[in-house]
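Student: Residue numbers (my numbering): 3 to 335.
Ideal Cβ placement from N, Cα and C applies to all residues, glycine included.
Just passing along the structure, written as structure tokens.
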Amino acid sequence: MRLAPDDGAPLLSLRRVSRFFRVGGGLWRDAACLRAVDGVELEMRPGESLGLVGESGCGKSTLGRLACGLLSPSGGEALFRGAPLPAAGPGSPLAGRVQMVFQDPFSSLNPRMRVGNAVEEPLAALAARDGAHGALAPDARRRVVAELFATVGLAGMEERYPHEFSGGQRQRIAVARALATRPELIVCDEPVSALDASVQAQILNLLRDAQERYGPAYLFISHDLAVVGFMCPRIMVMYLGQIVEEGPREILLDHPGHPYTRALLAASPRLAADPEARRRLPEPVAGELPSPLDPPSGCRFHPRCPQADERCRETAPPWRELSPGWRVRCFRA
Ligand SMILES: Nc1ncnc2c1ncn2[C@@H]1O[C@H](COP(=O)(O)OP(=O)(O)OP(=O)(O)O)[C@@H](O)[C@H]1O
Ligand SMILES: [Mg+2]
3 MRLAPDDGAP LLSLRRVSRF FRVGGGLWRD AACLRAVDGV ELEMRPGESL GLVGESGCGK
63 STLGRLACGL LSPSGGEALF RGAPLPAAGP GSPLAGRVQM VFQDPFSSLN PRMRVGNAVE
123 EPLAALAARD GAHGALAPDA RRRVVAELFA TVGLAGMEER YPHEFSGGQR QRIAVARALA
183 TRPELIVCDE PVSALDASVQ AQILNLLRDA QERYGPAYLF ISHDLAVVGF MCPRIMVMYL
243 GQIVEEGPRE ILLDHPGHPY TRALLAASPR LAADPEARRR LPEPVAGELP SPLDPPSGCR
303 FHPRCPQADE RCRETAPPWR ELSPGWRVRC FRA
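Below, the structure is given as structure tokens:
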């Protein structure tokens with residue numbers, strides 16, 4: 003099966019997509035149902051950068067894995083260019099068209115494989131799937147790999163092993179590997195969270211340059227609103243498995259509508275370092291994320307929200323459009 007070529011359809015659409023996990027079952031008790039992602043709507047255009055932000059455990063990685071076919075939805079529908087998103091895997095029709103960059107550059111590369119071979123691997127997998135038709139021959143693959151190493155600033159280092167590189171350099175190699183098949187979508191799951199601040203900026207700039215050059219769309223996941231704002235013109239804010247606010251970065255970084263987004267802004271290390279920004283922001287959100295095994299009634303954020311009232315405790319707020327492209331799930335926004 004081949005996927006349809008570019009026909010003007012959105013690149014990726016998630017329609018009320020949910021992913022539940024059964025946890026804690028045993029001999030004497032039934033498994034509980036953990037709602038990691040609960041009814042998410044998302045649409046991405048080709049070449050777009052969409053940011054997904056939220057605190058640890060809110061379901062970002064689960065959503066990222068749903069978006070690239072590494073997980074299948076428990077409910078709802080995931081579409082890639084208008085057709086049901088197939089499961090990821092070497093023989094998948096999606097292979098090479100969707101890639102992922104992970105948080106940890108130390109565990110995402112095989113320590114026993116030369117980095118040039120690691121970057122070539124997805125191209126070789128495509129060649130194995132497609133045979134002689136349209137796949138690159140080995141010498142052409144090696145030229146592509148050499149060009150990618152030059153693009154990420156590591157020209158001529160293909161023969162080395164991962165342990166010979168720093169964390170930032172390894173993340174560059176992970177980016178080169180993700181770009182190798184010229185994918186249409188790259189899911190970047192916290193790609194700079196494990197790196198120190200100066201190296202973070204290098205990797206973010208590299209990702210932006212690579213997008214200009216090769217044109218992939220990015221679903222860019224981070225817990226830091228400032229990082230997401232640097233990369234993405236459009237941002238979605240996730241809380242306990244649901245999207246609670248979505249809009250252009252100018253609005254979300256300047257005057258967000260949802261109290262949770264405001265609290266996230268206040269928690270961004272970059273913005274906290276700026277005294278001017280600090281004066282405008284509330285305190286970072288107090289308390290822990292509630293368990294997705296037993297989400298609160300009404301608005302899921304109400305137990306931690308300074309503005310919550312009776313209605314928030316009882317009724318889940320519907321989406322409210324505050325201006326075109328900006329919507330919030332909050333009664334009081
Ligand atoms: N395979 C799994 N089995 C059971 N529960 C899972 C599984 N994967 C994720 N979860 C649970 O789903 C919820 C969301 O996890 P997820 O990894 O998507 O969060 P996250 O927002 O990426 O967090 P972090 O910022 O820490 O990476 C968590 O409560 C997690 O424990
Ligand atoms: Mg995660």
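Check this for me: beta carbons of Thr183 and Leu96, under 8 Å apart or not?
Tutor: No, these two residues do not count as a Cβ contact at 8 Å.
Student: Taking its Cβ as the centre, do 16 or more other Cβ atoms sit within 10 Å of Gly118, making it buried, or is it exposed?
Tutor: Label assigned to Gly118: buried.
Student: Taking Phe232 as part of the alpha helix (DSSP H), name the residues at either end of that continuous run.
Tutor: Start and end: 227-233.
Student: How is Cys314 classed by DSSP in three states: helix, strand or coil?
Tutor: Looking at Cys314 - three-state DSSP - the assignment turns out to be helix.
Student: Could you check the C-alpha separation between Leu52 and Cys332 for me, to the nearest Å?
Tutor: Spanning the two alpha carbons is a distance of roughly 22 Å.
Student: Along the beta strand (DSSP E) that carries Tyr359, what are the first and last residues, could you check?
Tutor: Residue 359 lies beyond the stretch modelled for the chain, which goes from 3 to 335, so this question has no answer here.
Student: Leaving out five residues on either side along the sequence, give the residues of the same chain with a beta carbon under 6 Å from the beta carbon of Leu255.
Tutor: So the qualifying residues of the chain are Gly231.
Student: Do Glu192 and ligand 2 come close, with the Cβ less than 7 Å from some heavy atom?
Tutor: It does: the Cβ of Glu192 is within 7 Å (strictly closer) of some heavy atom of ligand 2.
Student: For Asp226, count neighbouring C-beta atoms within 10 Å of its own C-beta (all shown protein chains included) and say buried if the count is 16 or more, exposed if not.
Tutor: Label assigned to Asp226: buried.
Student: Measuring only the C-alpha atoms, how far is Ile188 from Ala212?
Tutor: Between Ile188 and Ala212, the C-alpha separation is close to 11 Å.
Student: Please determine, among Pro124, Gly84, Ser63, the residue with the shortest C-alpha to C-alpha distance to Gly93.
Tutor: The residue with the shortest Cα to Cα distance from Gly93 is Pro124.
Student: Go through its chain and collect everything with a Cβ distance to Gly78's Cβ below 6 Å, but skip five positions before and after it.
Tutor: Cβ neighbours of Gly78 beyond the five flanking positions: Arg17, Arg18, Val19, Ser20.
Student: Taking only three categories from DSSP, how would you classify Val103?
Tutor: Strand at Val103.
Student: Kindly give me the distance between the Cβ atoms of Val100 and Pro185, rounded to whole angstroms, as I take these residues to be in contact under 8 Å.
Tutor: Correct: roughly 6 Å between the Cβ atoms.
Student: Comparing alpha-carbon positions, which option in His257, Tyr220, Tyr216, Arg145 lies nearest Met102?
Tutor: The option with the nearest alpha carbon to Met102 is Tyr220.
Student: Would you kindly check if the distance between the Cβ of Ala288 and the Cβ of Cys301 is under 8 Å?
Tutor: Not closer than 8 Å, so no.
Student: Out of Ala269, Cys35, Glu248, state which residue places its alpha-carbon closest to the alpha-carbon of Pro326.
Tutor: Selected option, being the one with the closest Cα: Glu248.
Student: What does Ala34 pair with, by DSSP beta-bridge criteria?
Tutor: Paired residues: Val25.
Student: On the CB-based measure, 16 or more other CB atoms within 10 Å of its CB, does Ser63 come out buried or exposed?
Tutor: Looking at its Cβ environment, which holds 16 or more other Cβ atoms inside 10 Å, Ser63 is buried.
Student: Less than 7 Å separating the Cβ of Ser109 from some heavy atom of ligand 2?
Tutor: Result no, Cβ not under 7 Å from ligand 2.
Student: Alpha carbon to alpha carbon, how far is Pro50 from Glu214?
Tutor: Here residue 50 turns out to be Glu, not Pro, going by the sequence shown. Their Cα atoms are separated by approximately 11 Å.
Student: Pro86 to Arg131, Cα distance in whole Å?
Tutor: About 20 Å.
Student: Could you tell me which residues DSSP puts in a beta bridge with Tyr220?
Tutor: DSSP lists Ser51, Ile188 as partners of Tyr220.
Student: Would you check whether ligand 1 has a heavy atom nearer than 7 Å to the C-beta of Ala38?
Tutor: True, at least one ligand heavy atom lies under 7 Å from that Cβ.
Student: Looking only at DSSP bridge pairs, what is Ala80 linked to?
Tutor: DSSP output for Ala80 lists Leu16 as bridge partner(s).
Student: On the CB-based measure, 16 or more other CB atoms within 10 Å of its CB, does His257 come out buried or exposed?
Tutor: Exposed, since its Cβ has fewer than 16 Cβ neighbours within 10 Å.
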